[in-house]
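Peer 1:
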Amino acid sequence: MEAVYLFMIALGCSFAGSIPPGSINLSVMQLAVQGKKGGALTFALAAACIEFLYAGLAVRFQIYLTDNIEIATWFKWVSGTILILLGLFNLVKKNRASRTMDSGEKRAGFAKGVVVALMNPLAIPYWLTVTTYLQAMQWIVLSSENYLVYVTGISVGTMLLLLAVIALGTRFSAIQNNPFLLYRVPGLIFLVMGVWTFVQ
276 MEAVYLFMIA LGCSFAGSIP PGSINLSVMQ LAVQGKKGGA LTFALAAACI
326 EFLYAGLAVR FQIYLTDNIE IATWFKWVSG TILILLGLFN LVKKNRASRT
376 MDSGEKRAGF AKGVVVALMN PLAIPYWLTV TTYLQAMQWI VLSSENYLVY
426 VTGISVGTML LLLAVIALGT RFSAIQNNPF LLYRVPGLIF LVMGVWTFVQ
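Residue numbers (our numbering): 276 to 475.
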């Protein structure tokens, strides 16, 4: 049961964290709209695999922090500050039209997904911050024995979001064009999480 709980927490955080527009979900959406479902699926699979790699690196570093109490305490305040800044940034951010690529620029498939996903190294500090927060709140307890369950949940969450993008197609853009759902709600969540880190 603990493994299932850990998996579901990771899946939920990953699914929600993948909603804001970025090169990965926009590329998947465009492939789906163009009728290239096979290319969109392999692209999504590649992105989920790279997310597994990046999240794994972040979680291994977080486990190292946990084993070094002084560093972990210091990093807890850093992660809380980052969450507050992310929250404020999202609250004041204005919605911008996202740039999509012409069909001539696109190369559907796994290799393209790997390249685009590798160009998103911000996944590492994101998962480092989120994982540190979840551990600080004692919602999860990671170790060298169970961290792969957590990382797998992250990868599956990313894949499920991208599958939803493929299924929704252009309707997904309605979410991405709604600044309240896209920025304000996540901003408030990040802000509350960051403040809670300091009041605990």
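Just so you know, even glycine gets a beta-carbon here, dropped at the ideal spot from N, CA and C. Quantities reported herein were computed from a predicted structural model and do not represent experimental measurements.
1) Quick one: grab the DSSP three-state call for methionine 276.
2) Kindly indicate which residue of Val424, Cys324, Leu403, Gly462 has the alpha-carbon position closest to the one of proline 295.
3) Would the beta-carbon of valine 303 fall within 9 Å of that of alanine 319?
4) Take isoleucine 477 and list the residues in its own chain whose beta-carbon comes closer than 7 Å to its own, dropping the five residues that flank it on each side.
5) For alanine 278, count the other beta carbons within 10 Å of its own beta carbon; 16 or more makes it buried, fewer makes it exposed. Which is it?
6) Between the alpha carbons of alanine 419 and glutamine 309, how many angstroms are there, rounded?
7) Between the stretch 357-365 and the stretch 420-430, are three or more C-beta pairs nearer than 8 Å?
8) According to DSSP, is leucine 397 part of a helix, a strand, or is it coil?
9) Considering Cα atoms alone, identify which of Ile464, Ile429, Gly444 is closest to leucine 306.
10) Tell me which same chain residues have a C-beta within less than 8 Å of the C-beta of proline 396, skipping the five on either side of it?
11) Quick one: residues in its chain with C-beta nearer than 7 Å to the C-beta of leucine 361, no 5 flanking neighbours on either side, listed in chain order?
12) For glutamine 413, count the other beta carbons within 10 Å of its own beta carbon; 16 or more makes it buried, fewer makes it exposed. Which is it?
13) Less than 9 Å between the C-beta atoms of alanine 322 and isoleucine 299, yes or no?
14) Would you mind sorting tyrosine 408 into buried or exposed? The rule is 16 or more other CB atoms within 10 Å of its CB.
15) In chain order, what residues of the same chain have a beta carbon less than 7 Å from the beta carbon of methionine 262, not counting five sequence neighbours either side?
16) Determine the burial state of glycine 287: buried for a count of at least 16 other Cβ atoms within 10 Å of its Cβ, exposed for fewer.
17) If you count every other CB in all the chains shown that lies within 10 Å of the CB of asparagine 365, and 16 or more means buried, which is it?
18) Mapping DSSP to helix, strand and coil, what is methionine 283?
19) Quick one: Cα of valine 455 to Cα of methionine 283, how far?
Peer 2: Walking through what the data contain:
1) coil
2) Gly462
3) yes
4) Here the chain comprises residues numbered 276 to 475, so residue 477 is not present and cannot be evaluated.
5) exposed
6) Note that residue 419 is serine in the sequence shown, not alanine. Roughly 43 Å between the two C-alpha positions.
7) no
8) Coil at leucine 397, not helix or strand.
9) Residue nearest to leucine 306 within the set Ile464, Ile429, Gly444 is Gly444 (criterion: CA-CA distance).
10) Tyr329
11) Phe465
12) Glutamine 413 comes out exposed.
13) The criterion of a C-beta distance shorter than 9 Å is satisfied by alanine 322 and isoleucine 299.
14) Buried.
15) Outside the displayed span of the chain (276 to 475) sits residue 262, for which this structure offers no information.
16) exposed
17) Asparagine 365 is buried by the Cβ-count criterion.
18) helix
19) Looking at the sequence provided, one finds phenylalanine at residue 455 rather than valine. Roughly 26 Å between the two C-alpha positions.
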